[in-house]
Structure formats: C-alpha cells, structure tokens
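According to full-length UniProt numbering, the residues represented by the sequence shown are 1 to 372, in order.
Cβ atoms here follow ideal geometry from the backbone N, Cα and C, with glycine treated the same way.
As the structure is a computational prediction, the values presented were derived from the model and not from experiment.
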Amino acid sequence: MRFISCILFFSITIHAYGPERIATFDRTLWPYSIHSKSSFDNASRNEIISYVRKINSINLSDTSSIVAFTSVKNVNLPSVTKWLSFTQNNLVHNFKQAQKSCADKKELCQNVNNWQELSNLSLQYKPDQKLSSWYNASQTFFSYYLYEQVRLATLFPRITSEIDTLDERELQGFDYPDGQFLLTFDDGPKYSQTPQVTDQLRKLNINGIFFVLGENLEGALKTHGANEIKQLYSDMCVGSHGYVHTPHPKLENWSQLYDKTRSMITDNQLQGTSKNYVWFRPPYGQRQQALVDRLWSLGDRVMLWNIDSQDWNQKLTTKQVQDRTITLMLLHRKGIILFHDVHPKAVEVVKNLDTLHRDHITSWVNCTKMEK
C-alpha cells in the first residue's frame with residue numbers, strides 16, 4: 001500500500017511540475033524590428049489577437065473538451081472559468097494599452113471595449129502575406145501556451161501553482177504598470193553560475209530578486225564566508241525559495257525550515273532593502289493557506305510569476321528561451337519574469353532583453369525600492 005501511495009504521489013508531482021508540451025517560438029519570423037515603443041506595441045497587438053483567436057478555438061466551458069485538450073481527467077471547472085475570465089479581462093486591458101501608440105488607419109487600432117469586441121476583431125483579422133509565416137508559428141506557440149495555462153488551472157487548488165493566488169496578499173505581477181518587468185532568479189546560489197548572473201546585472205546597471213535555497217545558501221556561507229556572499233549579492237535583493245526544493249505542502253516541518261532560511265537572509269542583511277521583510281517563492285509555486293498566513297504574520301509575502309522563461313528546460317536553446325520570453329512580454333506587457341541563476345541561459349537572455357530597456361521600450365523594476 002505504501003508503495004502504491006509513493007507511485008501515486010510521484011505521478012501527481014510530476015504531473016504538476018511541468019507540461020509535456022512547451023511553447024517555443026522563432027521571433028525572426030516577425031518581419032519588423034522592435035526598436036521603439038510603437039513597434040513594440042504593434043507586435044504586442046498582433047500577439048494578443050493571435051492568442052485571443054486560439055483561446056476562442058477551444059471550448060473552455062465544457063469539461064470533456066478541457067479533458068481532451070489537457071489530458072487532465074480530474075478537471076476543476078470553476079478554476080478554469082475563473083482563470084478564463086481573468087485572462088479575458090487582462091487581454092482586453094493589454095490590447096487597449098498597446099493601442100495608445102496607434103496612428104490613424106493603423107493595423108488593429110479599432111476601438112475595443114470588451115472581450116466580445118476583441119474576439120470579433122480576432123475573427124476579422126487576416127494577416128497579410130508578409131505576416132503569414134509569423135502568424136502560423138504564433139498560432140502553434142499559443143496552442144502550446146494555452147495548454148500550459150489551462151492545465152495548471154484545471155489542477156488548482158488541488159495542486160497550487162503560479163496560475164492563481166490563494167488570496168490577495170500574493171503577488172503575480174499582473175498589477176504592475178504597463179511596460180514594467182521584474183527579473184527574478186531561483187535555486188541559487190551556485191558558484192559556477194550565480195556570480196556570472198549578478199556581474200552581468202551590475203554591468204547593465206539593473207538588479208533582480210534571487211530566491212535562494214536555504215541549503216545552498218548555508219553551504220555557500222560556510223565555504224565562502226558572509227562577507228563574500230554579501231558581495232555576491234550587492235545591489236541585488238535576496239528572497240527565500242525554502243530550505244530545500246520540495247513542495248511545501250508535502251513538508252511537515254516547512255515552518256521551521258522557512259524560519260531557518262529566513263534567518264540566514266536577514267542575519268546577513270541580504271534582502272536588499274532597509275526593511276526586514278523577506279519575499280518568498282515556493283518551489284514549483286506550490287503552497288498552502290497556512291504558509292501564506294504564517295508569512296504574513298512575519299511581515300513576509302509570497303511572490304509568484306506570470307512569465308516563465310523555461311530557462312531550466314534542457315530541450316530549449318538559449319535563443320528559444322529568449323524568444324519565448326519576449327513573446328510573453330509582448331502578450332502580458334508587464335510582470336514578473338522567472339529565470340534560474342543555476343543554469344547558464346539566463347546570462348545571455350537578460351543581456352539581450354535589456355536592449356528593450358535601453359531603447360526606452362520597457363523598464364526594469366528596481367527590487368531595492370519595492371514596497372511590500
């Protein structure tokens with residue numbers, strides 16, 4: 001019986017951690033350079049319209065259709081319905097933001113006030129020959145991306161994730177001002193990789209939050225000493241990713257382990273702000289209400305994400321990670337980007353993403369000035 005339970009837990013855990021199909025994209029198929037706010041907005045409008053059409057091609061109000069689409073048999077339909085409503089409202093808002101740089105008679109500049117009007121516009125949309133290769137690839141990308149999102153929504157809250165919050169005290173990134181993005185990095189420190197990431201960020205004069213694993217931080221402090229670790233994270237912010245990379249709903253001693261990691265961060269003044277609170281990112285986004293309440297009692301808060309770079313995925317090249325991230329930035333237009341400082345792809349991707357910042361198209365959130 002114990003053996004069967006272990007197998008069941010393993011299968012559910014694997015099912016929750018990652019989808020079988022990952023959305024990737026070749027941004028060279030978009031035939032126009034993104035070098036200004038108006039060119040960013042034009043690309044954004046087209047990506048949003050493509051996603052809207054893909055969403056409308058799947059019946060997400062019917063359980064059997066969702067099962068066929070996601071292969072998840074135990075579907076939480078109210079969760080999918082909630083996600084869909086939120087996504088529809090968010091896409092309408094984003095599309096209107098992307099229209100602010102519209103000139104008269106420009107493509108996709110028709111007035112849109114609600115989801116029905118945006119849906120109608122997506123049905124009328126006919127990409128010209130120059131956009132046909134991009135459009136076909138975009139539809140494939142959003143088919144996979146929609147699968148990623150709906151799959152997580154079907155499992156929530158039985159298996160929690162970044163797809164939704166347990167309450168309003170959790171941060172996803174959707175509430176950021178248009179064009180603002182926060183860089184975050186999970187799973188460090190790893191001395192063969194983390195210094196490359198922090199050095200690159202300092203060269204670019206930007207920063208991010210590093211969600212450290214307590215066992216990794218503890219080992220680094222013993223090996224390198226507190227002063228060197230403080231230097232490693234200078235100008236950056238450090239949050240907690242838990243002591244071990246295990247879903248916290250499965251940890252009986254999660255509270256003690258959280259306190260242990262939190263103390264290492266605050267005792268060494270690594271959090272990057274003058275305030276004493278610590279941001280927490282649960283491994284795999286999995287957490288329980290008791291954890292959220294416990295954090296709040298300490299003055300801490302859960303930070304999730306709304307743009308998953310998939311930089312940890314060995315099946316994706318650095319360029320695919322970059323192209324996926326840019327496409328999701330065009331779609332969401334603001335938010336929290338998830339990278340990992342223990343993998344090499346983030347260094348090059350962040351360097352290339354910063355061109356959007358240097359061209360005054362997007363801006364990076366300064367983690368040291370964030371308020372809880």
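Alpha-carbon to alpha-carbon, residue j and residue i
i: K190; j: V212; result: 10 angstroms
i: D341; j: P195; result: 9 angstroms
i: D178; j: I326; result: 15 angstroms
i: K96; j: I336; result: 21 angstroms
i: I34; j: E162; result: 29 angstroms
i: R53; j: Q124; result: 10 angstroms
i: M303; j: L232; result: 22 angstroms
i: H360; j: N74; result: 45 angstroms
i: R94; j: W305; result: As written in the sequence, residue 94 is Asn, which differs from the Arg given in the question. Looking at the two C-alpha atoms, the distance is approximately 17 angstroms.
i: V150; j: I159; result: 13 angstroms
i: D311; j: A346; result: 7 angstroms
i: V92; j: D41; result: 14 angstroms
i: S61; j: F174; result: 24 angstroms
i: V244; j: L131; result: 46 angstroms
i: W254; j: Q288; result: 11 angstroms
i: D293; j: L251; result: 16 angstroms
i: D164; j: A23; result: 20 angstroms
i: V72; j: T154; result: 7 angstroms
Residue i burial status per 10 Å Cβ neighbour count (16 or more: buried)
i: G188; result: buried
i: S274; result: exposed
i: L146; result: buried
i: S85; result: exposed
i: H332; result: buried
i: Q256; result: exposed
i: R281; result: buried
i: L356; result: buried
i: E148; result: buried
i: G272; result: buried
i: residue 385; result: Because the chain is modelled from 1 through 372, residue 385 falls outside the range shown and cannot be assessed.
i: K222; result: exposed
i: T317; result: exposed
i: Q193; result: buried
i: P31; result: exposed
i: R262; result: buried
i: R45; result: buried
i: T81; result: exposed
Bridge-paired residues (DSSP) for residue i
i: F280; result: S240, V302
i: residue 384; result: The structure shown does not extend to residue 384, since the chain spans only 1 to 372, so no value can be given for it.
i: D308; result: L338
i: L171; result: M303
Limits of the beta strand (DSSP E) - the one that residue i falls within
i: L183; result: 180-186
i: V212; result: 209-212
i: I34; result: No beta strand (DSSP E) contains I34, which DSSP labels as neither H nor E.
Presumed contact (8 angstroms Cβ cut-off) between residue i and residue j, rounded CB distance
i: I58; j: S64; result: With a Cβ gap of about 12 angstroms, I58 and S64 do not count as contacting.
i: Y176; j: S50; result: Actually they are not in contact, since the Cβ atoms of Y176 and S50 sit about 23 angstroms apart, beyond 8 angstroms.
i: F25; j: D323; result: 5 angstroms
i: E228; j: S138; result: So it is not a contact: roughly 46 angstroms between Cβ atoms.
i: L201; j: V350; result: 7 angstroms
i: G242; j: G214; result: 7 angstroms
i: L270; j: K230; result: 7 angstroms
First and last residue of the uninterrupted alpha helix (DSSP H) at residue i
i: V92; result: 77-98
i: H332; result: 318-332
i: I163; result: From DSSP, I163 is part of no alpha helix (DSSP H); its letter is neither H nor E.
i: F142; result: 132-155
i: N120; result: 115-124
i: Y191; result: Unbroken run through Y191: none, as it is neither H nor E.
i: S65; result: 63-70
i: V350; result: 345-358
i: K106; result: Neither: K106 is in no alpha helix (DSSP H) and is coded neither H nor E.
i: Q231; result: 226-232
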